[in-house]
Amino acid sequence: MKRILYILLCLLGIGCSDFLEYKDNDKIIPRELKHFDELVLGELIKKTTGSEMMALDFMTDDIESVVNPLDGSTSRRDVRGEYFSYYTWAKNNQLDMQQRENNDGNWASFYNKILMCNILEHDVSEFEEDHDRVRTRLLGEIAFMRALSYYYLVNMYGEPYKDKEQAKIALGVPINKAISVEKNTYKRAKLQEIYDLIEENLLNSIDLLKVGDQANSIFRPNVNVAQLFLSRIYLQQKRWQEAKDIASVVISESGASIENLENMSNYIANKINLYNISNKSILFSWGKRNRTPLSLSYSEAGHWEVSQSLREMYVNEETKKDVRGTAFFDEYKPFYPKKFDSNKKVCYDWCYRIEEAYLNRAEACIELGGADNLEQAMQDINIIRRNRIEGDYQETAMDADEARKILRDEKRMEFCFEDCRWFDIRRWGIEIRHKFHELNEPLAGNTYVLAPGSPNYILSLPLEVQKINFEIENFERVETIVNE
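Take the sequence shown: its letter number 3 is residue 11 in our numbering, and every next letter is one higher.
Have a look at this one:
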């Protein structure tokens, strides 16, 4: 191999395992494909800061600000400061409630992952032999992780996708093809370029993973999760038939199954989180998350809770019991999310599940229109409800508008706190209203409104990026406070 200098990893603060050889005192050089196998697992799949996308839920309708009455709190401590700017969709979300810098780590984390993908792809490609097809699999995994990284970046910092003509002139995020650390300034690529790049990497990943060594593990990228992500980007681009077709492939060929009502009830009885190794709905599991900032205790006067509007969605008529209200949330702190537990590592903390393929197909069918598609959409929605609700679970729709509302509500309930809701709000153009109460005047406060099509759908660039890159465009956000 001509060059593989992994001192770069050390400079980036990335640890190297003892399978790496040291040479010339300052060069750390992997020697075999199995070494790269470990690098892909350790640096692309396992490695996260834990704080990625933590703020996204605060911009949705799934979280609300709560202030205890003056006579009902043992403390007047306010823990809402860090996420205030996200909750209110502030003009600059990189400043906290006290206007101190509060740079989010998403930009650096995902671009670091992209750089690692570029480096690893370059070096793995240098191996000429591929007897066990490990090289092919690794290249497929790398392509998927690059697509995943651009997917999250463009859905946080790029303009929302409206149509192909708009996407040709709208701005996405920068494309980095470098295979080493370079002091370059980058400009945003056009939005369509980013979606084309994501699709290209996903299709390449699928082709490679189909013929590569089969890891047969939910802890490695695989054909099924790549196809699921493909259905996501087809939905975002309104390519309904393609979204329907690829979601159908995931459903029919992945071997995964919707977690059934019996298992869900067993999780509740035995205090098992949804993200666990026995869950047959999980397609891919990776990374770590920090514990959610939602309050574990009511004792803090100013705190965050799961919104009343989301909680009420799990409360049905007497003939129905939606087990998600108990399975997805902690019993001691009502509706404290518990799909994953950062202290119980039976699975990684980001998981993608087969249930999404059903809902993606349902959405595509609704938008395609026609009686047959409407029937298929309701079947897909109801098969999930059948495995979540004790009693009468059936939903019916007379037309596409009614089906669309049912679908969106079902997705909100099924995938709350799984990084789906904010992206859905952006692409569906949903208006959200947040009330932020004053700490020492609990009855007073301001109302903030995120209007459909708002420029505040696009996150401010991290201040550290703005300071060193004067060429990159930063979108102008607007005030969201309203007088009521």
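Yeah, the Cβ is synthetic: ideal placement off N, Cα and C, and Gly gets one too.
- Its chain contains 272, 322, 396, 421 and 422 as the residues whose beta carbon lies nearer than 8 angstroms to that of residue 332, once the 5 sequence neighbours on both sides are disregarded; these appear in chain order.
- Taking 8 angstroms as the upper bound for CB-CB distance, residue 213 and residue 152 are in contact here, some 4 angstroms apart.
- Here residue 345 carries a strand assignment [DSSP, helix/strand/coil].
- Contact annotation: residue 223 and residue 145 have beta-carbon atoms nearer than 8 angstroms.
- Looking only at 476, 457, 478 and 482, the smallest Cα-Cα distance to residue 469 is reached by 482.
- Considered as a whole, the region 37-117 harbours 41-47 and 92-95 as its complete alpha helix (DSSP H) runs of no fewer than 4 residues, in chain order.
- Excluding its 5 nearest sequence neighbours in each direction, residue 467 has C-beta neighbours in its own chain below 7 angstroms: 101, 164 and 165, listed in chain order.
- Taken atom to atom, the span from the alpha-carbon of residue 61 to that of residue 296 is near 11 angstroms.
- When the five nearest sequence neighbours on each side are left out, the beta carbons in the same chain lying within less than 6 angstroms of the beta carbon of residue 401 are those of 393 and 394, in order along the chain.
- Rounded to the nearest whole angstrom, the C-alpha separation of residue 403 and residue 109 is 47 angstroms.
- Between residue 95 and residue 444, the gap from beta carbon to beta carbon is short of 8 angstroms.
- If you draw a straight line from the Cα of residue 438 to the Cα of residue 123, it is about 34 angstroms long.
- Judged by DSSP secondary structure, residue 373 falls within the alpha helix (DSSP H) whose first and last residues are 362-376.
- Per DSSP, reduced to three states, the secondary structure at residue 426 is coil, with no helix or strand assignment.
- Residue 106 counts as exposed, since fewer than 16 other C-beta atoms from the protein chains shown sit within 10 angstroms of its C-beta.
- DSSP places residue 396 in no beta strand (DSSP E); its state is neither H nor E.
- When secondary structure is reduced to three states using DSSP, residue 169 falls in the coil class, being assigned neither helix nor strand.
- Nearest C-alpha to residue 215 among 338, 231 and 187: 231.
- Restricting attention to 136, 427 and 471, the CA atom closest to the CA of residue 63 is found in 427.
- Ranked by how close their Cα comes to the Cα of residue 104, the residues 356, 381, 90 and 98 have 90 in first place.
- Residue 449 carries a strand assignment under DSSP once its states are collapsed to helix, strand and coil.
- Beta-carbon to beta-carbon, residue 336 and residue 346 are separated by about 7 angstroms, close enough to satisfy the 8 angstroms threshold.
- As computed with DSSP, residue 290 is found in a beta bridge with 361.
- DSSP lists 75 and 86 as the bridge partner or partners of residue 310.
- The three-state reading of DSSP puts residue 337 in strand, counting E and B together.
- Residue 116 and residue 157 have their C-alpha atoms spaced approximately 11 angstroms apart.
- In the structure shown, the three-state DSSP call for residue 218 is helix.
- Relative to the Cα of residue 267, the nearest Cα in the group 255, 275, 288 and 284 belongs to 288.
- Residue 138 carries a coil assignment under DSSP once its states are collapsed to helix, strand and coil.
- Around the CB of residue 419, 16 or more other CB atoms lie within 10 Å, so the residue is classed as buried.
- Judged by beta-carbon spacing, residue 486 lies beyond the 8 angstroms limit of residue 450, meaning their Cβ atoms are not closer than that value.
- Pairing residue 376 with residue 252 gives a Cβ-Cβ distance under 8 angstroms.
- Secondary-structure assignment with DSSP links residue 441 through a beta bridge to 457.
- Of all alpha-carbon atoms in 270, 294, 338 and 43, the one lying nearest the alpha-carbon of residue 281 is that of 338.
- In terms of Cβ geometry, residue 386 and residue 365 do not form a close pair [threshold 8 angstroms].
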